[in-house]
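Taking numbering that gives the first Met the number 0 as reference, the numbering of the sequence shown is continuous, increasing by one, and the terminal residue is 253. In this text, a Cβ means the ideal position worked out from N, Cα and C, and glycines have one as well. Working notes, structure below.
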Amino acid sequence: MARKFFVGGNWKCNGTTEEVKKIVATLNDAQVPPQDVVEVVVSPPFIFLPLVKSTLRPDFQVAAQNCWVKKGGAFTGEVSAEMLVNLSIPWVILGHSERRQLLGESNEFVGEKTAYALSQGLKVIACVGETLEQREAGATLEVVAAQTKAIAERVSNWADVVIAYEPVWAIGTGKVATPAQAQEVHCELRKWLHANTSPEVAATTRIIYGGSVNGGNCKVLAGQPDVDGFLVGGASLKPEFIDIIKSAEVKKSA
0 MARKFFVGGN WKCNGTTEEV KKIVATLNDA QVPPQDVVEV VVSPPFIFLP
50 LVKSTLRPDF QVAAQNCWVK KGGAFTGEVS AEMLVNLSIP WVILGHSERR
100 QLLGESNEFV GEKTAYALSQ GLKVIACVGE TLEQREAGAT LEVVAAQTKA
150 IAERVSNWAD VVIAYEPVWA IGTGKVATPA QAQEVHCELR KWLHANTSPE
200 VAATTRIIYG GSVNGGNCKV LAGQPDVDGF LVGGASLKPE FIDIIKSAEV
250 KKSA
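Right, here's the structure in full:
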């Protein structure tokens, strides 16, 4: 069974109420492939989750950008998985490189977060990826495998996990992994899953690419056999996000 194309939009720390309403209006008016061809999930800042959830078209889903590693309590500034479930938010992004790099989240911490979010019924977009220094040192696959291992050790149900490969050097820089570079890492990740989880998990788990994806490069990236979609940053705030969603048609016609 083919893996359904997945397009996530990570809005990061952007937006005002009026800007968010405009983005939602653009998405609601868009002509995109049906749900059996592409799964679309957008991730606004926490403060706008209820607004987006209540106004976004029903065939698009909503994700939080993070959640706490355990049950809520005396954790000032954090949002718990239980709160997201209470708001009927189905997805959460965990382990994004900005949190790993800027906030020091370790592989183990991301793995624990993933396990707890799944235990509460959330679906997880789990991010992995290497820095420029690591890539230049030839350590890409070693780094990505270690990040994936910390998640895999704590995950039993892979049906609710999407892996996002986001090379840190390509996020917000305008640099993009070439289609061949993206395919190589995605392929190796799938081999790792095959060897360390199961052939079924390797065959069915979606591995999506993130890192300066835009309307101009999405089709050629989507054409790679092991690229199952995208996690889009800056372009998800712009009308070209619609073109990226439409790139799912590349898989349909392949």
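Which of the three DSSP states is assigned to residue 154 in this structure? Along the sequence shown, one-based indexing puts residue 154 at 155. If DSSP states are grouped into helix, strand and coil, residue 154 belongs with coil.
Using CA atoms only, rank isn't needed, just tell me which of 238, 151, 213 is closest to residue 230. As a first step, residue 230 is located in the sequence shown; it is residue number 231 there, counting from the start. Considering only alpha carbons, the answer is 213.
State the DSSP-derived secondary structure class of residue 170, mapped to helix, strand or coil. Taking the first residue of the sequence shown as 1, we reach residue 170 at position 171. Under the three-state reduction of DSSP output, residue 170 falls in the coil class, being neither helix nor strand.
To the nearest angstrom, how far is it from the Cα of residue 235 to the Cα of residue 14? Residue numbering aside, residue 235 sits at position 236 when the sequence shown is read from its first letter. Residue numbering aside, residue 14 sits at position 15 when the sequence shown is read from its first letter. Cα-Cα distance, rounded: 12 Å.
Between which two residues does the beta strand (DSSP E) containing residue 182 stretch? Indexing the sequence shown from 1 puts residue 182 at position 183. From DSSP, residue 182 is part of no beta strand (DSSP E) but of the alpha helix (DSSP H) over 178-195.
Compare the C-alpha of residue 122 against each of 93, 30, 190, 108 and name the closest. Along the sequence shown, read from residue 1 onward, the residue named residue 122 stands at position 123. For residue 122, the nearest C-alpha among the options comes from 93.
Residue environment, residue 144, which counts as buried when at least 16 other CB atoms sit within 10 Å: As a working mapping, residue 144 is identified with position 145 in the sequence shown. When all chains shown are included, residue 144 counts as buried.
Just to confirm before moving on: does the CB-CB distance between residue 110 and residue 165 stay below 8 Å? Translated into positions along the sequence shown, residue 110 becomes position 111. Translated into positions along the sequence shown, residue 165 becomes position 166. No, Cβ-Cβ distance for residue 110 and residue 165 is not below 8 Å.
Cross-strand partners of residue 7 (DSSP beta bridge): Walking along the sequence shown from the start, residue 7 turns up at place 8. Paired residues: 40, 230.
Between residue 39 and residue 78, is the Cβ-Cβ spacing less than 8 Å? On the sequence shown, position 40 is the one that residue 39 refers to. On the sequence shown, position 79 is the one that residue 78 refers to. For the 8 Å CB-CB criterion, residue 39 and residue 78 do not form a contact.
Taking the alpha carbon of residue 202 as the reference point, which residue from 158, 116, 218 has its own alpha carbon closest? As a working mapping, residue 202 is identified with position 203 in the sequence shown. The candidate whose alpha carbon is nearest that of residue 202 is 158.
Quick one: complete alpha helix (DSSP H) runs, 4+ long, within the stretch 82-117? 96-102
For residue 66, is the classification buried or exposed, using 16 other Cβ atoms within 10 angstroms of its Cβ as the cut-off for buried? Residue 66 sits at position 67 when you count from the first residue of the sequence shown. Counting every other CB atom within 10 Å of its CB across the protein chains shown gives residue 66 a total of 16 or more, marking it as buried.
With contact counted as at least three CB pairs below 8 Å, one residue from each stretch, are the stretch 203-210 and the stretch 164-182 in contact? yes
Beta-carbon separation (whole angstroms), residue 96 vs residue 137, contact threshold 8 Å: Indexing the sequence shown from 1 puts residue 96 at position 97. Indexing the sequence shown from 1 puts residue 137 at position 138. Residue 96 to residue 137, Cβ: 19 Å. No contact.
Less than 8 Å between C-beta atoms, sequence neighbours within five positions excluded: which residues of the same chain meet that for residue 184? Reading the sequence shown from its first residue, position 185 is the one you call residue 184. Correct list, in chain order: 139, 140, 143, 164, 166, 176.
CA-to-CA distance, residue 36 to residue 247, given in whole angstroms: On the sequence shown, residue 247 is found 248 positions in, with the first residue counted as 1. On the sequence shown, residue 36 is found 37 positions in, with the first residue counted as 1. Taking the straight line from one Cα to the other gives about 7 Å.
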